[in-house]
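In my numbering, the protein residues as written are 82 to 725.
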């Protein structure tokens with residue numbers, strides 16, 4: 082038989098074994114003396130507020146029955162005794178052979194107990210046992226020797242006391258009212274009820290009943306969800322703090338470049354930023370406190386439920402109390418929803434330096450409520466030239482569709498082509514995010530590229546590359562004849578100064594004549610899970626394999642592998658890949674939520690964008706030809722950047 086856990090019999094305040102354990106409405110238990118000191122320190126006479134917070138979970142606790150401000154010192158004694166915890170203490174003492182005779186302790190003596198009365202829930206020594214058995218009221222009680230009790234600690238049970246009739250024990254259960262009651266309650270309040278049964282019969286085999294198992298499963302699930310919520314809140318707090326520090330540093334850098342007047346604005350900016358940060362932390366910490374409180378409540382409940390030596394009656398009653406209180410807490414949470422904070426970003430640096438004398442503040446920072454669990458913090462207007470500057474951000478699809486953009490091709494400021502497998506669509510946009518054209522596709526697309534006046538898009542399930550006309554206005558025109566492949570095709574890239582494209586297809590890279598639709602060459606690969614591809618003017622091809630976290634560089638002419646790059650977990654699930662004009666390689670880590678920069682020789686150079694920059698679900702990256710402007714598809718967003 083397992084002994085009660087330390088957390089079950091140790092007071093949360095003094096960390097010692099409970100002395101006269103009392104429990105609050107949240108079911109947390111404390112020594113009567115410890116609880117009394119806590120109440121006196123938290124409740125102030127002469128105020129209208131009589132409630133106080135539980136020391137463990139911070140849930141508001143109402144004063145006990147019979148309270149007044151004049152008897153605050155006695156409040157702790159008015160709370161109900163925790164019979165379940167007292168049973169755990171008795172069991173622990175009996176198991177260790179430390180239980181003393183209750184009658185001797187009243188006479189300030191100390192003798193080891195040798196007998197246990199199941200009805201009185203008291204222990205007696207050899208000398209006191211005859212006195213207990215000689216009284217008319219107790220002579221028929223079941224008194225068992227301690228050596229028998231120690232073999233089955235479930236025989237040690239502290240009976241629950243009726244809150245309405247303190248001299249009566251809970252012995253009955255009314256199924257009509259779904260409530261436990263004493264004998265007096267059954268006569269006064271349940272005399273017309275027909276389904277009043279003995280509490281032992283109602284609780285019999287409670288651990289095997291479906292409602293008990295369902296309730297336990299529900300409580301454990303709620304505890305897990307609370308832990309996940311706490312993790313999200315902690316992540317938000319860390320991210321808010323990190324971005325606050327980054328903005329502060331950027332603002333300081335800018336102020337150093339300006340005149341003395343601009344320096345005087347720095348303190349105003351810091352004050353405003355600190356106020357916003359404090360407001361964010363206040364909301365997040367408040368949500369965290371609510372979450373921690375309920376989590377501790379559930380931990381306490383589940384800790385009691387895990388005690389296998391507790392009687393079925395106690396488990397039954399404890400479960401009733403726990404589920405009732407949890408419904409109350411759940412209802413309270415719905416009335417006061419947990420809020421998270423989101424910060425909008427709208428950078429605009431146009432002509433700022435020319436008009437610096439008219440600037441009234443370094444930047445405006447706003448804090449608004451949002452539904453995302455992540456927190457975004459960035460200036461609405463920012464004059465700093467970042468190493469990576471986010472120029473624009475826009476949604477490429479309506480949020481009604483909530484479509485994830487698989488890949489995109491950055492042709493020019495008037496032509497950005499995106500493909501979306503969810504909607505089976507290919508669309509074109511200009512650089513301010515306005516859709517200019519769209520076509521429906523027969524199958525789910527994967528990637529697209531532009532060669533001359535044609536747009537080519539891969540359809541993996543159809544094993545087909547579809548071809549569309551690119552009009553003079555840089556719109557998606559009519560569909561033309563494409564070409565078939567023998568296996569599913571994924572990434573596609575045009576080869577510079579040639580009419581060929583490279584397609585990722587099965588275990589190979591296929592070089593296809595885009596005009597004739599015939600295979601010109603084929604380079605074998607060591608795995609069938611390569612996905613996206615790009616190429617440079619020297620005949621180098623870069624291809625990613627998300628499933629083994631690899632970036633591969635192949636010479637198109639010789640077919641030889643020039644380098645392999647793998648750096649897990651710095652780059653997890655690499656997908657999109659692109660090249661800047663200097664030949665540096667940019668790779669999207671879908672699971673690491675970042676973009677890493679490699680040299681043309683495959684050596685790690687830097688991590689240029691991360692989750693803190695808003696990359697919640699990055700998928701693809703593409704550079705505008707001959708430019709340092711590039712885009713990143715990020716869930717349903719497209720972010721446009723420029724490398725300074």
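For every residue, glycine included, the Cβ atom is placed at its ideal position computed from N, Cα and C.
Own chain, CB closer than 8 Å to residue i, minus 5 neighbours either side, in chain order
i: residue 649; result: 630
i: residue 645; result: 631, 632, 633, 634, 683
i: residue 698; result: 485, 671, 674, 715, 716
i: residue 246; result: 263, 265, 266
i: residue 653; result: 630, 670, 671, 672, 673
i: residue 228; result: none
i: residue 661; result: 667, 704, 709, 711, 724
Proximal residues to residue i (C-beta, below 7 Å), its chain only, five neighbours per side dropped
i: residue 381; result: 108, 109
i: residue 93; result: 109, 111, 136, 137
i: residue 124; result: 131, 133, 153
i: residue 285; result: 393
i: residue 354; result: 325, 328, 329, 446
Exposure label - residue i; buried when at least 16 CB within 10 Å
i: residue 468; result: Note that residue 468 scores a pLDDT of 32, beneath 50, so its modelled location is shaky; the value from the coordinates is reported in the next line. Per the 10 Å Cβ criterion, exposed.
i: residue 163; result: buried
i: residue 737; result: For residue 737 there is no data in the structure shown, the boundaries of the chain being 82 and 725.
i: residue 256; result: exposed
i: residue 509; result: buried
i: residue 386; result: buried
i: residue 149; result: exposed
i: residue 709; result: exposed
i: residue 375; result: buried
i: residue 349; result: exposed
i: residue 211; result: exposed
i: residue 695; result: buried
i: residue 232; result: exposed
Residues near residue i in its chain [Cβ-Cβ closer than 6 Å; skip 5 each side]
i: residue 404; result: 296
i: residue 534; result: 551
i: residue 592; result: 581, 583, 601, 602
i: residue 681; result: 664
i: residue 452; result: Caution is warranted here: a pLDDT of 42 is assigned to residue 452, below 50, making its placement in the model unreliable, and the coordinate value is therefore given only provisionally. Around residue 452: no qualifying Cβ.
i: residue 687; result: 678
i: residue 171; result: 237
i: residue 239; result: 164, 167, 168, 202
i: residue 586; result: 566, 568, 570
i: residue 640; result: 604
i: residue 180; result: 174, 194, 204
Cβ separation of residue i and residue j, assumed to be a contact under 8 Å, to the nearest whole Å
i: residue 657; j: residue 701; result: 3 Å
i: residue 161; j: residue 219; result: Contact doesn't hold; Cβ gap of about 24 Å is too wide.
i: residue 553; j: residue 531; result: That belief does not hold up - the Cβ atoms of residue 553 and residue 531 are roughly 14 Å apart, past 8 Å.
i: residue 394; j: residue 280; result: 5 Å
i: residue 628; j: residue 613; result: Not confirmed; about 13 Å, so no contact.
i: residue 225; j: residue 197; result: 5 Å
i: residue 556; j: residue 517; result: 6 Å
i: residue 195; j: residue 207; result: 5 Å
i: residue 165; j: residue 391; result: 6 Å
i: residue 538; j: residue 507; result: 6 Å
i: residue 372; j: residue 310; result: 5 Å
i: residue 643; j: residue 621; result: 7 Å
i: residue 271; j: residue 278; result: Contact doesn't hold; Cβ gap of about 11 Å is too wide.
i: residue 529; j: residue 488; result: 6 Å
*Quick one: which unbroken alpha helix (DSSP H) runs of 4-plus residues sit fully inside the region 583-622? Chain order, please.*
For the region 583-622, not a single whole alpha helix (DSSP H) run of length 4 or above is found.
_Continuous alpha helix (DSSP H) assignments of at least 4 residues falling wholly in the region 253-334_ = Secondary structure in the region 253-334: the alpha helix (DSSP H) runs of 4 residues or longer, each lying completely within the stretch, are 264-269, 280-284 in chain order.
_Every unbroken beta strand (DSSP E) inside the region 185-228 [3 residues or more]_ = Assignment of beta strand (DSSP E) within the region 185-228, counting only whole runs of 3 or more residues, yields 196-198, 203-205, 224-226 in chain order.
*Does the region 135-144 come close enough to the region 210-228 that 3 or more CB-CB pairs lie under 8 Å?*
Using a C-beta cut-off of 8 Å, the region 210-228 makes no contact with the region 135-144, since fewer than three inter-stretch Cβ pairs fall below that distance.
*Can you give, in chain order, each stretch of the beta strand (DSSP E) that sits fully within the region 662-705 and has at least 3 residues?*
The region 662-705 contains these whole beta strand (DSSP E) runs: 666-670, 675-679, 685-690, 699-704.
_My parser needs the alpha helix (DSSP H) runs of 4 or more residues fully inside the region 82-152; what are they?_
The region 82-152 contains these whole alpha helix (DSSP H) runs: 87-90, 113-123.
_Unbroken stretches of the alpha helix (DSSP H), 4 residues or longer, contained in the region 360-394_ = Fully enclosed alpha helix (DSSP H) runs of 4 or longer: not present.
*Give, in chain order, every unbroken run of the beta strand (DSSP E) that is at least 3 residues long and sits entirely within the region 478-539.*
Fully enclosed beta strand (DSSP E) runs of 3 or longer: 488-493, 496-501, 506-510, 516-521, 529-532.
_Whole beta strand (DSSP E) elements within the region 626-655, 3-residue minimum_ = Unbroken beta strand (DSSP E) runs of no fewer than 3 residues, entirely contained in the region 626-655, are found at 631-636, 642-646, following chain order.
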